[in-house]
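Chains A and B, in that order, are what the protein sequence lines are.
To convert, take the position in the first sequence, counting from 1, and add 4; that gives the numbering used here.
To convert, take the position in the second sequence, counting from 1, and add 73; that gives the numbering used here.
Heads up: the structure comes next, in structure tokens.
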Amino acid sequence: MDASLKQRLDDLVGTSPIFVFMKGNKLMPQCGFSNNVVQILNALAVPFETFDVLSDMEIRQGIKDYSDWPTIPQVYVNGEFIGGSDILIEMYNSGELREKLAVALA
Amino acid sequence: MVHPDQVRAAISQALPDATVEVEDLTGGGDHLQVKVVSTAFDGLSRVKQHQLVYGALRSELASEAIHALALQTSTPS
């Protein structure tokens, strides 16, 4: 990956303790999986920022290489990739996500 | 689209001891639900567990032959 793209992704991930790469935005998710993640984070009432990968082909492909993860959405917490929709759902159901985000935002 | 058997075979090749269940959610072969149980996941984070499975399906995912893959990984109990 070229350095300027990596820098853009580093910068994006760093804009907020909880950052989501998704299709669409919080108000209008363009994919059911992205919607799942938004609904979970809304249910936990935590602040988060998002980036719409449909608006930028370079980021859309780049984030897959950056995270070594083939699908969107992707959730970062304090710069650490924690998973996509399936993992977020599992962590939400087990209570693990609430704890992790509480620690991250403390 | 891919046949569930191809998905099962690709995962079994990467993780020989794995028990793999593949369910075709729509009948179209591009929305799949996959459960994988393997000792290879022992001690790994969920992200790393899923990365092992995604690695086995890299070409199918990159070509979007598989559009949606709901994945559950676990170790034998």
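C-beta: ideal position from N, C-alpha, C; glycine also.
Quantities reported herein were computed from a predicted structural model and do not represent experimental measurements.
Identify, in the order they occur along the chain, each residue of the same chain with its Cβ nearer than 7 Å to the Cβ of residue i, setting aside the five sequence neighbours on each side.
i: E137/B; result: none
i: L144/B; result: V107, H123 and V126
i: L98/B; result: H104, L105 and Q106
Roughly how many whole angstroms lie between the Cα atoms of residue i and residue j?
i: S118/B; j: F25/A; result: 20 Å
i: A110/A; j: N82/A; result: 11 Å
i: F23/A; j: T146/B; result: 24 Å
i: N29/A; j: K108/B; result: 30 Å
i: H140/B; j: P33/A; result: 17 Å
i: T96/B; j: A135/B; result: Residue identity differs from the one stated: residue 96/B is Glu in this sequence, not Thr. So the alpha carbons of these two residues sit roughly 20 Å apart.
i: M74/B; j: L13/A; result: 31 Å
i: T148/B; j: D90/B; result: 11 Å
i: H76/B; j: G102/B; result: 6 Å
i: D72/A; j: K27/A; result: 18 Å
i: D111/A; j: K10/A; result: Any property of residue 111/A remains undetermined from this structure, which presents chain A solely from 5 to 110.
i: Q65/A; j: V41/A; result: 20 Å
i: I91/A; j: D115/B; result: 17 Å
i: I93/A; j: F55/A; result: 20 Å
i: Y80/A; j: I67/A; result: 11 Å
i: E94/B; j: D78/B; result: 10 Å
i: G87/A; j: Q78/A; result: 6 Å
i: N106/A; j: S150/B; result: In the sequence as presented, Asn is not what sits at residue 106/A; that position holds Ala. Looking at the two C-alpha atoms, the distance is approximately 30 Å.
i: D15/A; j: M95/A; result: 26 Å
Considering only the alpha carbon of each residue, which of the options lies closest to residue i?
i: S38/A; options: L101/A, T75/A and E84/A; result: T75/A
i: G36/A; options: Q11/A, R64/A, S89/A and W73/A; result: S89/A
i: N97/A; options: D15/A, A108/A, I44/A and D72/A; result: I44/A
i: L142/B; options: T148/B, Q86/B, T112/B and E133/B; result: E133/B
i: A108/A; options: I91/A, I93/A, L9/A and E84/A; result: E84/A
i: D6/A; options: K27/A, Y70/A, F55/A and N40/A; result: Y70/A
In chain order, what residues of the same chain have a beta carbon less than 6 Å from the beta carbon of residue i, not counting five sequence neighbours either side?
i: P92/B; result: Checking the sequence shown, residue 92/B turns out to be Thr, not Pro. Counting only Cβ-Cβ distances below 6 Å, and skipping sequence neighbours, we find V110.
i: A113/B; result: L88
Once the 5 residues before and after residue i are set aside, which same chain residues still bring their CB inside 8 Å of it?
i: L130/B; result: V80, A83, I84, I139 and L142
i: G128/B; result: A87
* To do: Pull out every residue of the region 18-42 of chain A whose Cβ sits closer than 8 Å to any Cβ of chain B, in chain order.
  => F37
Name the residues in the region 104-125 of chain B whose C-beta lies less than 8 Å from a C-beta of chain A; which are they? R119, V120, H123 and Q124
Evaluate the contact criterion for the region 19-39 of chain A versus the region 113-127 of chain B: three or more CB pairs, one atom per stretch, below 8 Å. no
When Cβ atoms are compared, which residues of the region 49-71 of chain A fall closer than 7 Å to chain B? none
Exercise. Hey, is the region 43-62 of chain A in contact with the region 94-105 of chain A, meaning 3+ C-beta pairs nearer than 8 Å?
Worked result: yes
What residues from the region 76-90 of chain B come within 7 Å of chain A, judged by C-beta to C-beta, listed N to C?
-> none
Residues in the region 134-145 of chain B with C-beta within 8 Å of chain A's C-beta atoms, listed in sequence order? Result list: L134, A135, A141, L142, A143, L144 and Q145.
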